[in-house]
Amino acid sequence: MKIDDLLLRESARRDTYKAFAECFHMPDKDLLIRLNSMEKHLGALGSEAFTHAVLMRNELYDLGDFVKLQVDFARLFVGPYSLLAPPYGSIYLEGDRKIMENSTVDVRERYREAGLDISENFKDAPDHIVAELEFMYFLIFKEIEAIRSDTPEAAYEQLGRQKSFLQNHLGLWAAEFVRNVKLNAETGFYRNLASAMRIFIAEDLEDIANIELPEPVDLEY
Amino acid sequence: MKKKQNTLMKNFLSDIKFSRRTFIKASATAGAAVALGVELKPELKALASASGVASNVKGEWRPATCQGCTSWCSKQVYVVDGRAVKVRGNPNSKVNQGAGCPRSHMSLQQVYDPDRIKTPMKRTNPRKGRQEDPKFVPITWDEALNTIADKIMELRKNNETHKYMLMRGRYSYMRDILYSRMTKIIGSPNSISHSALCAEAEKFGPYYTEAYWGYRQYDVENTRYLLLWGADPLAANRQVSYYSKVWGDVIDRATIAVVEPRLSATAAKADEWLPIKPGQDSALAVAISHVLLATGLWYKPFVGDFIDGINRFIPSQYVDEDTFQEKYTHGIVKYWNLELRDKTPEWAAEITGLPVNQIKRVAVRYGKSAPHAISWLGGGPCMQVRGGYTSMAIHALNGIVGAVDNIGGTLKSNKEYTVNFPGEKPFMDDIAKTGKKHEKLDQRGRLQFPCIKKGKPGSGVITNNTADGIINGDPYDIKVAIGYMNNFAFSAPQPERWERALSKIPFLVHITTNASEFSWFSDIVLPDTHHMFEKWGYVKSIGNGYRHVTLMQPIIEPVWDYKTDETEIPWLIAEKLAERGFDNLLRHFKEYKDPETGKEPTNEKEFALYALKYATQNLWDPTKYQGGDKFNGWEDFLKVGVWNSKPYSYQKRWGKMKTKTGMFEFYSDTLKAALEKHAGNHNVTVDEVMKATNYLARGERAFIPHYEEPFIMGDEKEYPFIHVDHKSRLNREGRSANCSWYYDFKDVDPGDEVWDDVAKINPVDAQKLGIKNGDRVKLTSPTGNLVCTAKLWEGVRPGTVAKCYGQGHWAYGRLAAKKFGKIPRGGSSNDIIPAQYEALSGSSAYYGVTRIKVEKV
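Sequence lines, in order, name chains Y and Z. Letter by letter, the first sequence follows residues 1 to 221 in this note's numbering. Letter by letter, the second sequence follows residues 1 to 857 in this note's numbering.
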């Protein structure tokens, strides 16, 4: 693969993660822009998730206003009652249906090692789906930077972080999470978002698993 | 070096050639400018750049306070990198002395419950009702506060500020800011507390005998006999941790007898269990009193004696009052003549269903242990329709044996030195003054609701009747209401009334940690801080002969976007009101200056902190020291987390009680004055008050402890069983239902089962009904029904069915409801308990109040 192609491809990956992260914020009029970006990048990546991204856009047009979507968003990811699709890693990785568990601590450690932390304005747990998707976006961003600046060691490092994070966190719980979304969503938009994300993360997980990194990556937490 | 780099990059390119899918470059070219163009910064929302310093894994124990029940223990929480990890008792408290109880640990599941309210939310479905999903959506704090302020300003504009109401559930002593000051400055009389759901009738007896309106502490380590009435101190309220810690020694030193139709946790470890017929406690109490007097076992250094030393308390005979010289009591002979003389153990045995020998044995041994003999009044016998006089009769036993204010006896609270917040009066304008003059919505003070707290008719709350006030618009409609840390649509008997009442309020706000049945009817829900980990505040509590004042502090990093109910939220509302031209509340709040710097608060966080420092200054400021523990300053107090009073001074109140006579009153001049005042307010006689409040006593008996036949709803033929409600040692008030540990360990309550909600039925009764262990059963009372699982258990008196309170939520969280919004997990006792009152105190009746039938479903 040529370096420009690689950069294009990685930027498509990067922006897909970003677009998915945006989809788990409270829906508003900017959602369409995000969907356009997601559709384009999934298409470029040849992802099977592409169809679902198209369907999401259609659903959005059909809905007319955002109230129904916002209600569904709240039921699934915010509450205030039984949270139907808790967007937290610890719920799926540990047994107590609690947030801020040991796996959450590990996630936060990974952010810190990458020079990040939870933003003060975010007001949610470190292993929230938005934060984890955004973290993948950030790691790919850094990988691209490294490739561009011709520092493959750094690129490897960022790729290693992605692999480890996907294999130990996001990739481990995303499937169960999106199953909850799919089961409980009342709008086609979120059902398709669930399908799209399940497919995209499975594809990315498979791809990244095939990469042999020069040094073993610490996969424990 | 460069060569190596090139090889690496080549390897990288070859390594990364991983996708089985075709990369469609053309589709991505639109992104090429970004991908190949100038360096941009990553666009982050959830994450932000940080120093990258790894966390310090070593944690520390930080002081806290548990409000899982009203023991209000001082705690310590192990905090690692801003995260609460475990809990233990605060060893600095002389009340709980480092001890804990199971429920404190469950706070960890609460604070990190994914079902917590995370952000302000608003209702998008304008229709209200149980079948109407509110369809909440997240909004900003700004939108929420603006809406609330607009609604309040509308009331002020229309001169109808009395139509604002504040409902309070669990509180800290920061409560007066939101509950009292804000309500009054807006201009409403309607601050409605939950207290009458809690225990006011339990305070009634101690007040009208010794003028103490409060919970007692019991000197268990020095006692020789403990007679507990519907109290289960090893499981529920109060000082569960302290009593659990010392109970082994108590068992060694004292005889323990428990009066309760159900084998409680405490009864399971007692010497005597008296499984009394529900509602008949006053019969037993007066019969024991009868024995104590008839056998000369009253404590003479306290009560006094016959002048000639000859006992004239001969069963059924009247005694000449002049023959007896009382010391620190008032009316012992009147008590005998008006009530006790014919209340023999034989008479009581028939009524209570207890063996006559057991009554005699308990009475004599209790009397022989005088004065180190406690009659421990729990909620069970007095939170009943006619429980006010039972409360007196049970507490009067302490007077007879001289255990009041005595070693090994019943004690009041020690002195502490916190102060009230600045007064609201200068900030109440004419609108507020006029508004506040209206009658309160709970109708307290009406003829049938004397609610005579501390001797003042109409001064106590009658919480549950507020629902009827709202439904009937009597005395008027409520237009804007705020509730905090309450859930009257679940915690009050016959809660369906609350569903209708709350549906009727046009604008309702709920401030709480977990959305509940109450929130279901709200227009806005606001996320509250958790008392143990996230708020500034303090509470006071007594036990072990001490009083402590224990601090609540924000000791962890908050995860979601909550604000504190009693301080931050009223401040933020005050700011919004000021923006709209009404700045009285904000100006009032600015009076809460930091005692250290003299600075007035400029935001909600400073306000919360300064208010706490202001209220507790006498405890931590060495220049203001008045007694008890001494600190070097605020930081020192924060670190320790708890202030302890001086130890209890026994017998100091003998002869100096705040009753009308200064004595411990068996004949209550204090109650007489209060009842006469209430009767006078309505131009009726005390007998008419008795009739209006569903009491049977007439004449002088209204002023003494006495037996009243219980008022139990339901025809015996249709409803053959008497319902027995009780509390769990895992109930964090009503808020455990979304914690998995509650279900995992539910069998710590005698007779209960893990992951189930059972009605405990005596096997003798069950056999007659053909009911087996594990059958699904429906319990039906005249006012409602619930479905749960049958448990055959010998620990419940035949003819009664016991059921623990706590489960049966239909809207709370994922675990709490079996099918959210539709099918509750287990059954809520309140669904079968009718809305009845002990009207003299305003208490809701929870016990011995209804008959039920049991059917297999």
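Beta carbons are placed, not taken as given, at the ideal position from N, Cα and C, and that holds for glycine. Remember, predicted model here, so these are calculated numbers, not experimental data.
- For residue 126/Z and residue 70/Z, the gap between their C-alpha atoms comes out near 37 Å.
- Residue 521/Z and residue 820/Z have their alpha carbons spaced roughly 15 Å apart.
- Between residue 847/Z and residue 383/Z the beta-carbon gap is near 5 Å, inside 8 Å, which marks them as a contact.
- Boundaries of the beta strand (DSSP E) harbouring residue 225/Z: 225-229, taken from the DSSP string.
- In the three-state reduction of the DSSP assignment, residue 193/Z falls in the coil class, being assigned neither a helical nor a strand state.
- Between residue 177/Y and residue 447/Z, the alpha-carbon positions lie close to 59 Å from each other.
- In the structure shown, residue 528/Z adopts extended strand secondary structure according to DSSP, grouped into three states.
- Considering only 289/Z, 786/Z, 72/Z and 188/Z, the residue with the shortest C-alpha distance to residue 476/Z is 188/Z.
- The three-state reading of DSSP puts residue 811/Z in coil, since its state is none of H, G, I, E or B.
- In this structure, residue 456/Z keeps its C-beta atom at 7 Å or more from the C-beta atom of residue 353/Z.
- Scanning the region 478-560 of chain Z from its first residue to its last, the whole alpha helix (DSSP H) runs of 4-plus residues come out as 488-491 and 496-504.
- In the same chain as residue 453/Z, and ignoring 5 residues on each side of it, the C-beta atoms closer than 6 Å to its own belong to 459 and 460, in chain order.
- Contact annotation: in the region 63-81 of chain Y, residues whose CB is within less than 7 Å of a CB in chain Z are 67, 70, 71, 74, 78, 79, 80 and 81.
- Taking 3 residues as the minimum length, the beta strand (DSSP E) runs contained wholly in the region 809-856 of chain Z are 817-819 and 851-856, in order along the chain.
- Assignment of beta-bridge partners to residue 136/Z by DSSP yields 123/Z.
- Assignment of beta-bridge partners to residue 269/Z by DSSP yields no partner.
- Membership of residue 465/Z in the alpha helix (DSSP H) is indicated by the continuous run 465-472.
- Between residue 282/Z and residue 734/Z, the alpha-carbon positions lie close to 29 Å from each other.
- With respect to residue 797/Z, residue 235/Z sits apart: the two C-beta atoms are not nearer than 7 Å.
- Counting C-beta pairs with one atom in each stretch, the region 415-422 of chain Z and the region 582-594 of chain Z have three or more that are closer than 8 Å, which means they touch.
- The alpha-carbon of residue 684/Z is positioned some 24 Å away from that of residue 709/Z.
- The alpha-carbon of residue 204/Y is positioned some 58 Å away from that of residue 633/Z.
- Between the region 549-566 of chain Z and the region 163-182 of chain Z there are three or more inter-stretch CB-CB distances shorter than 8 Å, so the stretches are counted as touching.
- A distance below 8 Å between beta-carbons, with the five flanking residues on each side excluded, links residue 213/Y to the following residues of its chain, in chain order: 156, 159, 160 and 163.
- Per DSSP, the unbroken beta strand (DSSP E) holding residue 377/Z starts and ends at 373-377.
- Between residue 367/Z and residue 297/Z the beta-carbon gap is near 3 Å, inside 8 Å, which marks them as a contact.
- Scanning its chain for C-beta atoms nearer than 8 Å, with the 5 sequence neighbours on each side dropped, one finds around residue 358/Z the residues 272 and 274, in chain order.
- Per the DSSP secondary-structure output, residue 261/Z pairs with nothing in a beta bridge.
- For the region 99-117 of chain Z, the residues whose beta carbon sits under 8 Å from a beta carbon of chain Y are, in order, 108, 109, 112, 113, 114, 115, 116 and 117.
- Contact annotation: in the region 558-574 of chain Z, residues whose CB is within less than 7 Å of a CB in chain Y are 559, 560 and 561.
- The CB of residue 198/Y never comes closer than 9 Å to any CB in chain Z; the least such distance is about 16 Å.
- Of all residues in the region 86-102 of chain Y, only 86, 88, 91, 96, 97, 98, 99 and 100 come within less than 7 Å of chain Z when Cβ atoms are compared, listed by chain position.
- With 16 or more other CB atoms across the displayed protein chains lying within 10 angstroms of its CB, residue 35/Y is buried.
- Among the bridge pairs identified by DSSP, residue 761/Z is matched with 792/Z and 801/Z.
- The three-state secondary structure of residue 786/Z, taken from DSSP, is strand.
- Distance check between residue 449/Z and each of 331/Z, 466/Z, 105/Z and 535/Z places 466/Z closest, using alpha-carbon atoms only.
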